[in-house]
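Read the structure below first, then the notes.
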Amino acid sequence: DDDFAKRIRLGAEIRLPKFLSIRAGLYQGYLTSGLSLDARFVQLDVLTYAEEIGAHAGQRIDRRYSMRFIMGF
């Protein structure tokens, strides 16, 4: 792909004590974010990101959301 903005992938994570992680970044020129909770028997991940489905960045955005819940012993 010749569009530089569509090749951008950048992110950072902050881990807070014990059970919380916060993430933010850029993907194809759009903001991404996420949150993870990791308790003793439960893990929860929530995130959002966008993909450019047009030929160039800023042309046609497709925002996506995801959640994962894990419970175990």
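Read left to right, the sequence shown gives residues -3 to 69 (our numbering).
Yeah, the Cβ is synthetic: ideal placement off N, Cα and C, and Gly gets one too.
Considering Cα atoms alone, identify which of L12, L31, G25, G7 is closest to H52.
G25
Inspect the beta-carbon positions of V38 and M67 and report whether they are closer than 8 Å.
yes
If you draw a straight line from the C-alpha of L40 to the C-alpha of Q55, how long is it?
33 Å
In three-state DSSP terms, what is F0?
helix
Per DSSP, what kind of secondary structure is A35 in: helix, strand or coil?
coil
Using a Cβ-Cβ cut-off of 7 Å (strictly less than) and excluding sequence neighbours within five positions of R59, which residues of its own chain qualify?
T44, A46
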